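**Q** Okay, so the sequence shown: first residue is 123 according to our numbering, each after it adds one. Ideal Cβ positions, reconstructed from N, Cα and C, are used throughout, including at glycine. In this text, all values refer to a predicted model and were calculated from it rather than measured experimentally.
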Amino acid sequence: MAESRGRVWTGVIRVGPHQGDHRVAARAALSVGVPLLVLLVIGRLDLSVYASFGAFAALYGRLDVPRRRIRMQATAGGILVLAMLLGTALSALATPPLASVAVVAALAAAVTLFAYRSQWHPPGALFTVFAAGACASFPATAATFGLVLLVGASSVIWSLLVTVVFVLARRGSWRLPTRPRPPIGAVAWEMTATVGAAALLAGIAGALLIGTHWYWAMVGAVAAVGGAHVTARLIRGVQRLVGTLLGVLIAAGLLALSLPPWAVLVVAITLQAGAELFVGRNYGIAMVFITPLALLMISLASPATPDMLLRDRVLETVIGVAVGTVVAIVSAALRRRPSLG
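(1) Going by beta-carbon coordinates alone, are Ala-346 and Thr-447 separated by less than 7 Å?
(2) Specify the secondary structure class of Gln-241 as computed by DSSP and reduced to three states.
(3) State yes or no: is the C-beta of Leu-418 within less than 7 Å of the C-beta of Val-386?
(4) Within 10 angstroms of its Cβ, does Ser-259 collect 16 or more other Cβ (buried), or is it exposed?
(5) Using a 10 Å radius around the Cβ and a threshold of 16 neighbouring Cβ atoms, would you call Arg-358 buried or exposed?
(6) Smallest Cα separation from Ala-173: which of Leu-269, Val-251, Gly-209?
(7) State whether the stretch 278-295 contacts the stretch 362-378, with contact taken as three or more CB pairs (one from each stretch) at a distance under 8 Å.
(8) At what residue ranges does the stretch 170-210 contain a whole run of the alpha helix (DSSP H), taking only runs of 4 or more?
(9) Take the Cβ of Leu-229 as the centre, count every other Cβ of all protein chains shown within 10 Å, and call the residue buried at 16 or more, exposed below.
(10) Would the beta-carbon of Gly-342 fall within 7 Å of that of Gly-442?
(11) With C-beta atoms as the reference, is Gln-394 less than 7 Å away from Ala-148?
(12) What does a CB cutoff of less than 6 Å around Leu-208 pick up in its chain, not counting 5 residues either side in sequence?
(13) Which ranges would you report for the alpha helix (DSSP H) in the stretch 350-393 if only whole runs of at least 4 residues count?
(14) Decide if Ala-205 is buried, meaning its Cβ has at least 16 other Cβ atoms within 10 Å, or exposed.
(15) Taking Ala-378 as the reference, which of Thr-427, Leu-272, Ala-339, Gly-396 has the closest Cα?
(16) Looking at Met-409: is its Cβ nearer than 7 Å to the Cβ of Gly-369?
(17) Look at Asp-434 and His-335 and say whether their C-beta atoms are less than 7 Å apart.
(18) Hey, how far is the Cα of Ile-407 from the Cα of Pro-219?
(19) Determine the contact status of Val-317 and Val-344, defining contact as a CB-CB distance below 7 Å.
(20) Tell me whether the beta-carbon of Val-163 lies closer than 7 Å to the beta-carbon of Ala-423.
(21) Can you give me the Cβ contacts of Leu-159 inside the same chain, cut-off strictly under 7 Å, excluding the 5 residues immediately before and after it?
(22) With distances taken between CB atoms, is the gap from Gly-325 to Met-340 smaller than 7 Å?
(23) With DSSP run on the structure shown, which of helix, strand or coil describes Ala-327?
(24) Thr-217 to Thr-263, Cα distance in whole Å?
(25) Is there at least one non-hydrogen atom of the ligand COA closer than 6 Å to the beta-carbon of Ala-254?
(26) How would you label Leu-456, buried or exposed, when you count the other beta carbons within 10 angstroms and need 16 or more for buried?
(27) Considering only the alpha carbon of each residue, which of Ile-372, Trp-338, Leu-371, Leu-415 lies closest to Glu-438?
(28) Could you check the C-alpha separation between Ser-461 and Ala-454 for me, to the nearest Å?
(29) Measuring CB atoms only, is the stretch 226-243 touching the stretch 183-203, in the sense that at least three cross pairs come out at less than 8 Å?
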């Protein structure tokens, strides 16, 4: 038991080696920065969340060869736009929170299976759950669909263009080596079921206990069950919780400054770059950047008091990590249980 706890805490504080993360950070900053600056110029920062979610496409395939990276980013970007449209539909239809939770949980399971089959990097459905859940929580009308599609798709296309320019600048090889897709076996189905169950239970708990921003609980749960084995999942959960708490303190200071919109964008772009410098090396440190970034973007897009945003972020994250950790442990126990057949 002591040895297991030692592995968890060692994993929590370990910082991986630098592997060209500065290039990914630069791509991410450009991918999210330019769309946000355009929205600032035209006075539509209320649409900034849709641009940010579209720019998440730039985060995929960081270690893949250029052709596979662009293909992965295009596919992930398309799914992110569809997730935003699904969330917008749930909002426009005034879907009850628990029904929205069920739909987003089903989406999380489906994208997890697809991501495993397609060998996505980063794997899983975390960004998809974030996009669908957030859009489901924002007020929407029929006109919102066109705005989501325009802003989200434009941001994805811009992200792909940034990736192509970076590849050409470095004269990267476009050769696509053969890499067979893994079969959809027991591991893939276990991951799919675990993510779906964790997202559903965390979303229900968040909606019933807190009522607002329930999707943060789902995101926390999906992150907590994202590892390949139970130790990795425990490490991820602890990192998300500690990183979120520290990030909330930073966000509280930033929100208290009442920065002008242009300054918020400068801070957001800086935070995005910082997150990408560490997300592949230590998830907890990355969360210190991601948490204030998410809170700043949501504060621009949705009217809510800073106190409510900060409170909900902490409480929903605690709920999500707790539920995700329990589901991860139960899933691991069931996987180790000998078959009676």
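**A** Taking the coordinates as given:
(1) In this structure, Thr-447 lies closer than 7 Å to Ala-346 by Cβ.
(2) Looking at Gln-241 - three-state DSSP - the assignment turns out to be coil, as it is neither helix nor strand.
(3) Cβ distance < 7 Å, so Leu-418 and Val-386 count as in contact.
(4) Residue environment: Ser-259 is assigned as buried (16 or more neighbouring CB atoms within 10 Å of its CB, all protein chains considered).
(5) Looking at its Cβ environment, which holds 16 or more other Cβ atoms inside 10 Å, Arg-358 is buried.
(6) Nearest of Leu-269, Val-251, Gly-209 to Ala-173, Cα basis: Leu-269.
(7) Contact fails: fewer than three Cβ-Cβ distances are below 8 Å.
(8) Those alpha helix (DSSP H) runs which fall completely within the stretch 170-210 and span 4+ residues are 170-177.
(9) Answer is buried; the Cβ neighbour count reaches 16.
(10) By the CB criterion at 7 Å, Gly-342 and Gly-442 fall inside the cutoff.
(11) The answer is no: Cβ separation not under 7 Å.
(12) Close CB contacts of Leu-208 within its chain, under the 6 Å cut and outside five residues either way in sequence, are with Ala-254 (chain order).
(13) Restricting attention to alpha helix (DSSP H) runs no shorter than 4 residues, the stretch 350-393 encloses them at 352-378, ordered along the chain.
(14) By the 10 Å Cβ count, Ala-205 comes out buried.
(15) Residue Thr-427 is the option with its Cα nearest to Ala-378.
(16) Between Met-409 and Gly-369, the gap from beta carbon to beta carbon is short of 7 Å.
(17) Pairing Asp-434 with His-335 gives a Cβ-Cβ distance under 7 Å.
(18) Rounded to the nearest angstrom, the two C-alpha atoms are 31 Å apart.
(19) Closer than 7 Å, so yes.
(20) Cβ distance not < 7 Å, so Val-163 and Ala-423 don't count as in contact.
(21) The residues Leu-387, in chain order, have a CB closer than 7 Å to that of Leu-159 in the same chain once the five nearest residues on each side in sequence are set aside.
(22) For Gly-325 and Met-340, yes; Cβs fall inside 7 Å.
(23) Reduced to three states, the DSSP call for Ala-327 is helix.
(24) It is roughly 13 Å from the alpha-carbon of Thr-217 to the alpha-carbon of Thr-263.
(25) This structure simply doesn't include the ligand COA, nor any ligand for that matter.
(26) Exposed.
(27) Nearest option by C-alpha distance: Trp-338.
(28) Any reading at Ser-461 is ruled out, since the residue's pLDDT is 47, under 50, leaving its predicted position unreliable.
(29) Touching, per the Cβ criterion.
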